[in-house]
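All remarks here apply to the structure that follows.
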Amino acid sequence: MFKYLKRRLLMLIPLLLVVSIIVFSMIHLMPGDPAMIIAGEGASQADIEAVKHKHGLDKPLFVQYFTWLGNIIRGDFGKSLRTGRPISQEIGFRFVNTIKLATLAIVIGSILGLVMGIVSATKRYSFFDNVTMVIAMVGVSITPFYLGLMSILLFSVKLGWLPMMGVESWKGWILPATTLAFRPAAMIARMTRSNMLEILGQDYILSARALGLPNKVVFVKYALRNALNTVVTVIGLQLGLLMGGAVMTETVFSLPGIGRLAVESIKGRDFPSIQVSVLLIALSFVIINLAVDILYAIINPRISYN
Amino acid sequence: MESNNNTASMPMNDAKMEREARIRELKRFWLQFSKRPVAVLGLVIVLIFLVMCITAPLIAPFDPYESDTSKRLLKPGEEGHILGTDELGRDLFSRIIFGSRYSLLIGVGSVGLGALIGIPIGLIAGYYEGKIGNVLMRIMDVFLAFPNILLALIIVSILGPSLYNALIALSIWSIPSFARIARSEVLALKNNEFVEASKAMGSRDSWIVLWHIFPNLVSQLIVWITLNISSAILTGAGLGFLGLGAQPPSPEWGVMLANGRQYIMRAHHLTTYPGLAILFLALGLNLLGDGLRDTLDPRLKD
Chain A
35 MFKYLKRRLL
45 MLIPLLLVVS
55 IIVFSMIHLM
65 PGDPAMIIAG
75 EGASQADIEA
85 VKHKHGLDKP
95 LFVQYFTWLG
105 NIIRGDFGKS
115 LRTGRPISQE
125 IGFRFVNTIK
135 LATLAIVIGS
145 ILGLVMGIVS
155 ATKRYSFFDN
165 VTMVIAMVGV
175 SITPFYLGLM
185 SILLFSVKLG
195 WLPMMGVESW
205 KGWILPATTL
215 AFRPAAMIAR
225 MTRSNMLEIL
235 GQDYILSARA
245 LGLPNKVVFV
255 KYALRNALNT
265 VVTVIGLQLG
275 LLMGGAVMTE
285 TVFSLPGIGR
295 LAVESIKGRD
305 FPSIQVSVLL
315 IALSFVIINL
325 AVDILYAIIN
335 PRISYN
Chain B
1278 MESNNNTASM
1288 PMNDAKMERE
1298 ARIRELKRFW
1308 LQFSKRPVAV
1318 LGLVIVLIFL
1328 VMCITAPLIA
1338 PFDPYESDTS
1348 KRLLKPGEEG
1358 HILGTDELGR
1368 DLFSRIIFGS
1378 RYSLLIGVGS
1388 VGLGALIGIP
1398 IGLIAGYYEG
1408 KIGNVLMRIM
1418 DVFLAFPNIL
1428 LALIIVSILG
1438 PSLYNALIAL
1448 SIWSIPSFAR
1458 IARSEVLALK
1468 NNEFVEASKA
1478 MGSRDSWIVL
1488 WHIFPNLVSQ
1498 LIVWITLNIS
1508 SAILTGAGLG
1518 FLGLGAQPPS
1528 PEWGVMLANG
1538 RQYIMRAHHL
1548 TTYPGLAILF
1558 LALGLNLLGD
1568 GLRDTLDPRL
1578 KD
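Just so you know, the protein sequences line up as chains A and B, in that order. To get this note's numbering, take the position in the first sequence, counting from 1, and add 34. To get this note's numbering, take the position in the second sequence, counting from 1, and add 1277.
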């Protein structure tokens, strides 16, 4: 297990390097001179030269890359072109917010999806089963931003139960987290249902029942454990969509996270901020992915660590 | 599954029989498909949106761009505006009808482009395992490691926010999945007898892949294309909502939602109805995709 962990962590290094190279190249792939982009529209030739010199843009590309990477690793992300403040000041709490949102959504989505899937499987073709499967079908067809807006309309505007925005209190997290959790919950419910149906028909379940084990034991010990596998698999597969959903959820609820920073920076052509936020989205994706993989290895003993 | 024995050049008689067999196959498919009411519902929804998209100028009661400040934020049903008007007095119903063009363009365009590039890559990588195949698939893996939103953010920040750049981003994102499916199917098929037989008869590689292996892939690809269009439409609308896809004043559904968000307290119809349009189109495609999968390829059932 430890070896597996070490190998997975080592494998992160090349992946992150590739990402960093892509992010670094972004500014050079854009049409136009990077110095001109940083200096902004209507800058004089002298301004552009000054920017070039100040940001080291007159040096060879690989020197620029390593300088930039070195600064990033030391936590110096440069200054935002929009606010003029160091980016490192506003990145920390945003990163925490995004990770918190994603984690909450995964936890809520897993619990909801698992419960819905299991009850549906045990009460197949019942009213509950039908309703759940319709909700699940809608869940995979609805976008987080629409769901978010509709829940604001219902719970904030009409009923006035929950705040529209702001995450100062725990109440502010309820709507964003459940909005983002909806799609994973729907996927997990669908997969868990069909998996449980398959498992409950297996010979080892029959033999456990024939041995006279109580239903509860059969369920929890034999069937549920397999269902947990499904949950982790789905989360692993859905993680990319979840990150996309997080960006939209942050925008809908005006939640200060990395995704929203990325979107705002792209619109404002604030290049240093774009680079940092894209890098951090990739980093959080990689971190959560790793956590899911490790969890998978713990839950599923059939996976070999070598 | 399609028949595997459609050989190179055949006499007239065989060609005729072949055609009849195809028609029988289609009939059998329809018989099985139409037994699933949910799948048929999906098909109907998708067809409605297709008709809407094609005949938009004919069925839209108003010009989607024409604003009239005296008719701002009318509620649904007022003054002949079925779904009301937006903050500039533009007819919401007409804008939603025209919006179907943007969503279908993004969905079909990006997935079509992705399939056009991804499938040949997968066919080549599967048929020529070894070096070429490995290099191709490693490149695909790198793309697959990126969540689609990240790819979209990177591409849009390089090229600038627009409908077509969002389309490019989404098609790049769909390439690797098509390559993977095509490759795994080729790997499974290429050692079959019908491939060996064709080889023995002296067929060229390209002929074998195109006429013997590819037809076996079609049913699986149709399912994947349908489901993929649905997620491309959702992500495309999402980019529009974030201001990174289609730009105002285009009546794109995501853009309309972003716009309506400011008026959610006073005029929530501006967000409710465009969002419903996205939901229904995606739902229709998902139901259709699930139905096609269950009919064409029972192995894939989740």
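Built from N, CA and C at the ideal position, the CB exists for glycine as well.
- Contact holds between the region 1556–1575 of chain B and the region 1487–1506 of chain B, because three or more Cβ pairs, one in each stretch, are under 8 Å apart.
- Cβ atoms of Ala1514(B) and Gly1531(B) come within 8 Å of each other, at about 4 Å.
- In the DSSP assignment, Pro218(A) falls within the alpha helix (DSSP H) that extends over Lys205 to Leu234.
- Identification of residues in the region 271–282 of chain A having a C-beta nearer than 9 Å to some C-beta of chain B yields Leu273, Gly274, Leu275, Leu276, Met277, Gly278, Gly279, Ala280, Val281 and Met282, given in sequence order.
- If the five residues before and after His1358(B) are omitted, its C-beta is found closer than 6 Å to the C-beta atoms of Leu1351 and Asp1368, all from its own chain and listed in chain order.
- Residue Ile106(A) holds the alpha-carbon nearest to the alpha-carbon of Leu313(A) among Val174(A), Ala69(A) and Ile106(A).
- For Leu1569(B), the closest C-alpha among the options Ser1461(B), Phe1339(B), Arg1296(B) and Thr1503(B) is that of Thr1503(B).
- At a cut-off of 8 Å between beta carbons, Met1542(B) contacts chain A.
- Note on the region 1466–1498 of chain B: whole alpha helix (DSSP H) runs with a minimum of 4 residues are 1470–1477 and 1482–1485, in chain order.
- In this structure, the CA atom of Phe1306(B) is about 35 Å from the CA atom of Leu1413(B).
- Linking Val268(A) to Val53(A) through their CA atoms gives a straight-line distance of about 24 Å.
- Gln123(A) is classed as exposed because its beta carbon has fewer than 16 other beta carbons within 10 Å across all chains shown.
- Taking 8 Å as the cut-off, the Cβ atoms of Val1388(B) and Ser1451(B) count as close.
- Of all alpha-carbon atoms in Val281(A), Ser307(A), Met198(A) and Asn263(A), the one lying nearest the alpha-carbon of Leu115(A) is that of Ser307(A).
- Here Arg1372(B) is buried. Its C-beta has 16 or more other C-beta atoms within 10 Å.
- Scanning its chain for C-beta atoms nearer than 8 Å, with the 5 sequence neighbours on each side dropped, one finds around Val1323(B) the residues Leu1558, Gly1561, Leu1562 and Leu1565, in chain order.
- The beta carbon of Val281(A) is closer than 6 Å to those of Gly293 in its chain, skipping five residues each way along the sequence.
- In terms of Cβ geometry, Arg1460(B) and Gly1403(B) form a close pair [threshold 8 Å].
- In this structure Arg227(A) is in contact with Gly151(A), their Cβ atoms being roughly 4 Å apart against a cut-off of 8 Å.
- Within chain B, no C-beta atom comes less than 7 Å from the C-beta of Val149(A); the nearest is roughly 19 Å away.
- Using a CB distance cut-off of 8 Å, Phe1370(B) does not count as an interface residue toward chain A.
- Chain A places a beta carbon closer than 8 Å to that of Ala1514(B), counting this residue as a contact.
- Excluding residues up to 5 positions away in sequence, Thr1548 lie with their Cβ nearer than 7 Å to the Cβ of Arg1538(B) in the same chain.
- Its chain contains Asn323, Val326, Asp327 and Tyr330 as the residues whose beta carbon lies nearer than 8 Å to that of Gly270(A), once the 5 sequence neighbours on both sides are disregarded; these appear in chain order.
- Under the Cβ distance rule, Ser154(A) does not count among the residues neighbouring chain B, no pair being separated by less than 8 Å.
- Between the alpha carbons of Trp102(A) and Leu51(A) lies a gap of roughly 12 Å.
- Identification of chain B residues near Ile176(A) by a Cβ-Cβ cut-off of 9 Å yields Leu1511, Gly1552, Ile1555, Leu1556, Ala1559 and Leu1560, ordered along the chain.
- DSSP, read as helix, strand or coil, puts Asp1363(B) in coil.
- Per DSSP, the unbroken alpha helix (DSSP H) holding Pro1334(B) starts and ends at Ala1333 to Ile1336.
- The continuous alpha helix (DSSP H) containing Met184(A) extends over residues Pro178 to Ser185.
- Gly1479(B) and Glu1473(B) have their C-alpha atoms some 10 Å from each other.
- Approximately 16 Å separates the beta-carbon atoms of Ala223(A) and Ala257(A); this is outside 8 Å, ruling out the contact.
- Taking the beta carbon of Ser1507(B) as reference, the chain A residues within 8 Å of it are Ser175, listed in sequence order.
- When DSSP states are grouped into helix, strand and coil, Pro1397(B) belongs to the helix group.
- Across the region 289–316 of chain A, CB contacts with chain B closer than 7 Å involve Ala296, Val297, Ile300, Lys301, Ile308, Val312, Ile315 and Ala316, in sequence order along the chain.
- Between the C-alpha atoms of Pro1334(B) and Leu188(A) there is a straight-line separation of about 34 Å.
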